[in-house]
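For any residue, its number in our numbering is found by taking its place in the sequence shown, counting from 1, and adding 3. Here's the structure we're looking at; comments come further down.
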Amino acid sequence: MTTVLENEIFKISELVKNQNFNFNKAQILNHLPEKYIEEAIDSIESWETYKPTPLHNLNKLNEVLKLNNIFYKDEGYRFDLKSFKALGGAFAVNKVVKDKKAKTVATATAGNHGRSVAWGAKRLGVNCKIFISEFVSESRADAMRKLDADVIRVKGNYDSSLKECIKQSTENNWEIVQDVSWDGYKEVPKYIMAGYSIMIKEIIDDLKNNSITHVFLQAGVGGMAAAAIAGFAKFYETTPKFIIVEPEDANCVLKSIKQGQPTSVDIVKESIMGGMSCGDVSTVAWEILKNASNYCLTISDRAIPSTVALLSEKKLSNEKIISGECGVPGVISLIGVCQNQNFKEALDLNSKSNVLLIGCEGLTDQILYNKLLNEGLEQIQ
Ligand SMILES: Cc1ncc(COP(=O)(O)O)c(C=O)c1O
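What follows is the structure, given as structure tokens:
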């Protein structure tokens, strides 16, 4: 095991300290107001099949890395959608149907957010239009069709699918439920983020103390990371270190932190971490991340198969953990940071550290999961 974890596939591509770090709870909760979080939690906790997702202890990984605890929030059990995304889109659909009497909702998606919107629409009996790029797999498209959504494939990348979604929605008066914000479109992304923050409440209910010292947060447009930080600002007394994790070819948060302003990335190579392969940080998320994130780091795709296999083979914990491509980046980053003594010291990771990792997705794409697992099993032999 130790030798597997020493492999250079876990190497961090880049680590950047946020020079503008200043964790201000009031400021954070000004951008994602507490009443949004409270409303989201009340609503989601009342849904028929709601139950908190498990928090695993990666005790075997901890024996090697010699920290105090490594917790892994397993969103693979989030309703039957198997990712934290189930919390955001569906709650926002709830809001626009209730408040704006929407009859048709629309969104552009890499997969999981669309499933959440489609699932929320089906629950409430409204129509749903989903726009996907040419890079979204057919199995993800099918998962949304099974939820009665009308799936529209658009030539080009995610940005092209979003443009087409906005165009058709404006023409047809559909309510857009998008997880990314732009000038003049901020309310719905805030509802979505408020939905995500229930993860943090559940973690705090589980741990019953304020012991978390480090949180690794995956980012695409940054909504999940900013929502988790807002969750800590609302529910936690102490302030852990927040480390943002992105694919090296889609590092829009890291670049923005470096520049001190939102900075686009032209994605030339799509990462396997499809949900995180985003070129622009959401403006609402940016308002939180620009000061509240301590560090940003990027990773390559290389360690994804091995990490999927290590989790599945109970090499990192006593339980078998089924994690998809966007579930493992926190684990990869923690291993990568601990391999590099300078990075480990910079982040102040030591035998007193209690680290939280978010297993953002489980078995959301069976075909891709099988491919990653088989590849990974060969690598960890
Ligand atoms: C499946 C999936 N989609 C998207 C994201 C990124 O979330 P956001 O776009 O809110 O930053 C993640 C985060 O890891 C994810 O797991």
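C-beta atoms are modelled at their ideal positions from N, C-alpha and C, and glycine is treated no differently.
Best match in Lys374, Ser163 and Pro36 for proximity to Val311 [C-alpha to C-alpha]: Closest by alpha carbon: Lys374.
Nearest neighbour of Ile370, chosen from Ile40, Ile275 and Lys54 [CA to CA]: Relative to the Cα of Ile370, the nearest Cα in the group Ile40, Ile275 and Lys54 belongs to Ile275.
As assigned by DSSP and simplified to three states, the class of Ile83: The sequence shown places Asp at residue 83, rather than the Ile named in the question. When DSSP states are grouped into helix, strand and coil, Asp83 belongs to the coil group.
Residues near Asp153 in its chain [Cβ-Cβ closer than 6 Å; skip 5 each side]: Apart from the 5 residues on each side of it in sequence, Asp153 sits with its Cβ closer than 6 Å to the Cβ of Lys132 in its chain, given in chain order.
Own chain, CB closer than 6 Å to Tyr39, minus 5 neighbours either side, in chain order: If we look at Tyr39 and ignore the five residues flanking it on each side, its Cβ neighbours are Lys193 and Ala197.
Contact under 8 Å by Cβ, Leu70 with Leu319: Cβ distance not < 8 Å, so Leu70 and Leu319 don't count as in contact.
Contacts around Ile207, its chain only, beta-carbon distance under 6 Å, and the 5 residues preceding and following it disregarded: Once the five neighbours on either side are set aside, the close Cβ partners of Ile207 are Phe238.
Lys347: CB within 7 Å of a non-hydrogen atom of ligand 1: No, the Cβ of Lys347 stays beyond 7 Å of every heavy atom of ligand 1.
Identity of the residue in Asn353, Asp368 and Cys341 nearest Asn10 by Cα: Residue nearest to Asn10 within the set Asn353, Asp368 and Cys341 is Cys341 (criterion: CA-CA distance).
Nearest neighbour of Gly234, chosen from Asn27, Glu17 and Arg156 [CA to CA]: For the options Asn27, Glu17 and Arg156, the alpha carbon positioned closest to that of Gly234 is the one of Asn27.
Member of Asp145, Glu41, Trp177 and His59 whose CA lies at the smallest distance from the CA of Glu94: According to the sequence shown, residue 94 is Phe rather than Glu. Here the closest residue by C-alpha is Glu41.
Distance cut-off 7 Å: Gly225 Cβ against heavy atoms of ligand 3: Absent from the structure shown: ligand 3. Ligands present: ligand 1.
Whether Ala231 touches Tyr161 by CB criterion (8 Å): Contact check for Ala231 against Tyr161 fails: the beta carbons are separated by 8 Å or more.
Reduced DSSP secondary structure (H/G/I, E/B, other) of Tyr239: Reduced to three states, the DSSP call for Tyr239 is coil.
Leu58 - containing beta strand (DSSP E), residue span: Secondary structure note for Leu58: its beta strand (DSSP E) is the uninterrupted segment Leu58 to Asn60.
Bounding residues of the alpha helix (DSSP H) (the contiguous stretch that carries Arg143): First-last of the alpha helix (DSSP H) with Arg143: Glu141 to Arg148.
Check whether Gly330 and Phe219 have beta carbons under 8 Å apart: Result no, Cβ atoms of Gly330 and Phe219 do not sit closer than 8 Å.
Straight-line Cα distance separating Asn297 from Ile338: Here the alpha carbon of Ile338 sits roughly 18 Å from the alpha carbon of Asn297.
Strand pairing of Lys250, partner residues [DSSP]: The sequence given here places Pro at residue 250; Lys does not occur at that position. DSSP lists Ile302 as partners of Pro250.
Cβ pair Ile15, Ile215 closer than 8 Å: Their beta carbons are not under 8 Å apart, which means Ile15 does not touch Ile215 by this criterion.
Start-to-end residues for the beta strand (DSSP E) that takes in Phe75: According to the sequence displayed, residue 75 carries Tyr and not Phe. Tyr75 -> beta strand (DSSP E) spans Asn72 to Asp77.
Under 8 Å between C-beta atoms of Glu364 and Lys149: No, these two residues do not count as a Cβ contact at 8 Å.
Proximity test, Lys193 beta-carbon vs ligand 1 heavy atom, cut-off 7 Å: No; taking the cut-off as 7 Å, the Cβ of Lys193 has no heavy atom of ligand 1 nearer than that.
With 16 other Cβ atoms within 10 Å as the buried cut-off, status of Ser280: Buried.
Candidates Gly225, Phe346, Val100 and Leu68: closest to Thr286 by CA position: Nearest C-alpha to Thr286: Gly225.
Secondary structure of Gly330, DSSP reduced to three states: Residue state, collapsed to three classes: coil.
Which residues DSSP lists as bridging Glu11, in chain order: Partner(s): none; Glu11 has no beta bridge.
Distance cut-off 7 Å: Cys281 Cβ against heavy atoms of ligand 1: Yes.
Exposure of Gln221, with buried meaning 16 or more beta-carbon neighbours within 10 Å: By the 16-neighbour rule on beta-carbons within 10 angstroms, Gln221 is buried.
Three-state secondary structure (DSSP) of Phe26: Coil at Phe26, not helix or strand.
Opposing strand residues paired with Asn221 [DSSP bridges]: Going by the sequence as given, residue 221 is Gln instead of Asn. DSSP, once it has assigned bridges, lists Val248 as partnering Gln221.
Ligand 1 heavy atom lying under 7 Å from the CB of Ala111: The nearest non-hydrogen atom of ligand 1 is 7 Å or more from the C-beta of Ala111.
Local Cβ density within 10 Å of Asn25, reported as buried at 16 or more and exposed below that: Its Cβ having fewer than 16 others within 10 Å, Asn25 is exposed.
Status (buried if at least 16 other CB within 10 Å, exposed otherwise) for Gly263: Gly263 is exposed by the Cβ-count criterion.
Test item: CB-CB of Ile3 and His59 under 8 Å: Nothing about residue 3 can be read from this structure; the chain reaches only from 4 to 384.
Ligand 1 heavy atom lying under 7 Å from the CB of Ile182: Position check: residue 182 holds Asp in this sequence, whereas Ile was assumed. Because some heavy atom of ligand 1 lies under 7 Å away, the Cβ of Asp182 counts as near it: yes.
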